[in-house]
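Data block below; observations after.
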Amino acid sequence: MLAFAVEATSERARAGRLTTPHGVVDTPAFMPVGTAAAVKAVTRRDLEEAGAQILLANTYHLMLRPGDELVRDLGGLHGFTGWPGPFLTDSGGYQVFSLAKLRHLSDEGVMFQSHLDGSKHVLTPERAMEIQQNLGADVVMAFDECAPHPAPREAVEQAVARTTRWAARSRAAHGREDQWLFGIVQGGVHLDLRERSAREVLALDFPGYAIGGLSVGEPKPDMQVVLAHLDPILPAEKPRYLMGVGTPEDILEAVARGVDMFDCVLPTRNGRNGQLFTSAGRLSIRNARFRDDARPPDPDCACYTCRHHSRAYLRHLHLAGEMSAATLMTIHNLAFYLDTLRRIGQSIRLGRFAQFRTEMLRQLAAPGDEAPGPHTP
Ligand SMILES: [Zn+2]
11 MLAFAVEATS ERARAGRLTT PHGVVDTPAF MPVGTAAAVK AVTRRDLEEA
61 GAQILLANTY HLMLRPGDEL VRDLGGLHGF TGWPGPFLTD SGGYQVFSLA
111 KLRHLSDEGV MFQSHLDGSK HVLTPERAME IQQNLGADVV MAFDECAPHP
161 APREAVEQAV ARTTRWAARS RAAHGREDQW LFGIVQGGVH LDLRERSARE
211 VLALDFPGYA IGGLSVGEPK PDMQVVLAHL DPILPAEKPR YLMGVGTPED
261 ILEAVARGVD MFDCVLPTRN GRNGQLFTSA GRLSIRNARF RDDARPPDPD
311 CACYTCRHHS RAYLRHLHLA GEMSAATLMT IHNLAFYLDT LRRIGQSIRL
361 GRFAQFRTEM LRQLAAPGDE APGPHTP
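Structure, rendered in structure tokens:
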């Protein structure tokens, strides 16, 4: 049973509910990235406590290791990982184009060499559907071509045309009724190509739509212009997923333009690198000023890390190379993202999103590292 409903709007922002066979997801939603069927440095228990409702896993990584058939035989992603809630998988396209050594790209599909061991593989729309049906996520993605940025207009145009043809083949090859297959809109920063891509993919009538090819190096205002342009074109009653985005600021701006779902490696990757997102701006735990700082990372956060540990201790763990540093800081960053999305949803339901967005953007702009504040003894 899959369903989506927009339950409240505030200006263009939407709050709703995505129902899947493995549970309900409140939108707008952030999906922690579990690249290799694991969110790096944290456990299922940490994810549940931080309030994650849905995880993302990467088709490209899992087809190479441990292999999609093994995952299928062990109960799909849910059985294999022990995460009982919803999963979303990407199509593998983005990683093939960004990580693998491309051997040959044609209308048929992509021949590439694994970044792990150099082994040769082929990914086509049909194979991407087979893999994602084996992995068994609740929401899966059509196979698409993401043109790099910057790319000549002709290259983006070609990627749009191919993405449409591949979307039709993906749809024809997909047969699992307990999964929703989303179409992907490409088109770079060209508004007419975005519109063409959206109209062509919409004609195939998917239950939801992803917006790909943004946050790949284009200026931030370009992303906002593309999203504002797509907002009235995409059907209001279906979920919209902005792939691979972004910072808390990016997410606020995208919600303001009608986006419902997000994923990004920033909270987890930055957590491992000692970069913390807080309600008073970002802070780098390596900074010497935290050497004897007894405050939690974010005094306004109720996560496990902030309830139990000080900046001074986290800085020590990080500098000492302790594994728990990555775990504790990832827990905080994920909790910060998930809590931010929850608060965005609440503000939409209260009809106060515009005020919330202004206030949150002001707080996020604060220089977290230099924020004045007494060191408690
Ligand atoms: Zn925290």
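Counted the way the numbering used here counts, the sequence shown spans residues 11 to 387. Cβ coordinates follow ideal geometry from the N, Cα and C atoms, glycine included.
Could you check where the beta strand (DSSP E) with residue i kicks off and where it finishes?
i: Ala25; result: 23 to 30
i: Arg206; result: Unbroken run through Arg206 is the alpha helix (DSSP H), 201 to 212; no beta strand (DSSP E).
i: Met253; result: Per DSSP, Met253 belongs to no beta strand (DSSP E) and is neither H nor E.
i: Phe122; result: 120 to 123
i: Glu17; result: 13 to 20
i: Phe97; result: 97 to 99
Less than 6 Å separating the Cβ of residue i from some heavy atom of ligand 1?
i: Cys274; result: no
i: Phe345; result: The sequence shown places Ala at residue 345, not Phe. Within the cutoff, so yes.
i: Thr278; result: no
i: Asp349; result: no
i: His342; result: yes
i: Thr337; result: no
i: Cys156; result: no
i: Asp56; result: no
i: Asp148; result: no
i: Asp310; result: no
i: Arg134; result: The question names Arg, but residue 134 is Thr in the sequence shown. Checking every heavy atom of ligand 1 against the Cβ of Thr134, none is found closer than 6 Å.
i: Thr69; result: no
i: Thr53; result: no
i: Thr315; result: yes
Pick helix, strand or coil for residue i, following the three-state DSSP scheme.
i: Ala39; result: strand
i: Pro384; result: Note that Pro384 has pLDDT 43, beneath the 50 cutoff, so the model's placement of it is unreliable and the number below is only indicative. DSSP places Pro384 in coil when its eight states are reduced to three.
i: Arg292; result: strand
i: Trp190; result: strand
i: His319; result: coil
i: Ile64; result: coil
i: Gly33; result: strand
i: Arg305; result: coil
i: Thr368; result: helix
i: Gly103; result: helix
i: Val269; result: coil
From which residue to which residue does the alpha helix (DSSP H) around residue i run?
i: Ala235; result: Contrary to the premise, residue 235 reads as Val rather than Ala in this sequence. From DSSP, the alpha helix (DSSP H) with Val235 extends over 230 to 240.
i: Phe346; result: 333 to 359
Taking 8 Å as the threshold, find out whether the segment 287 to 304 comes into contact with the segment 43 to 58 through three or more Cβ pairs.
no
Taking 8 Å as the cut-off, does the segment 139 to 151 touch the segment 175 to 189 (at least 3 CB pairs, one atom from each stretch)?
yes
Touching by the beta-carbon criterion (3+ pairs, under 8 Å), the segment 57 to 77 and the segment 124 to 137
yes
Taking three-plus beta-carbon pairs below 8 Å as touching, is the segment 224 to 241 in contact with the segment 259 to 269?
yes
If we count Cβ pairs, one from each stretch, closer than 8 Å, do we get three or more for the segment 84 to 99 versus the segment 133 to 145?
yes
Does the pairing of the segment 295 to 309 with the segment 321 to 339 give three or more beta-carbon distances under 8 Å?
yes
Whether or not the segment 250 to 257 and the segment 12 to 23 are in contact is what I'm after, with contact meaning three or more pairs of Cβ atoms, one per stretch, closer than 8 Å; do they touch?
no
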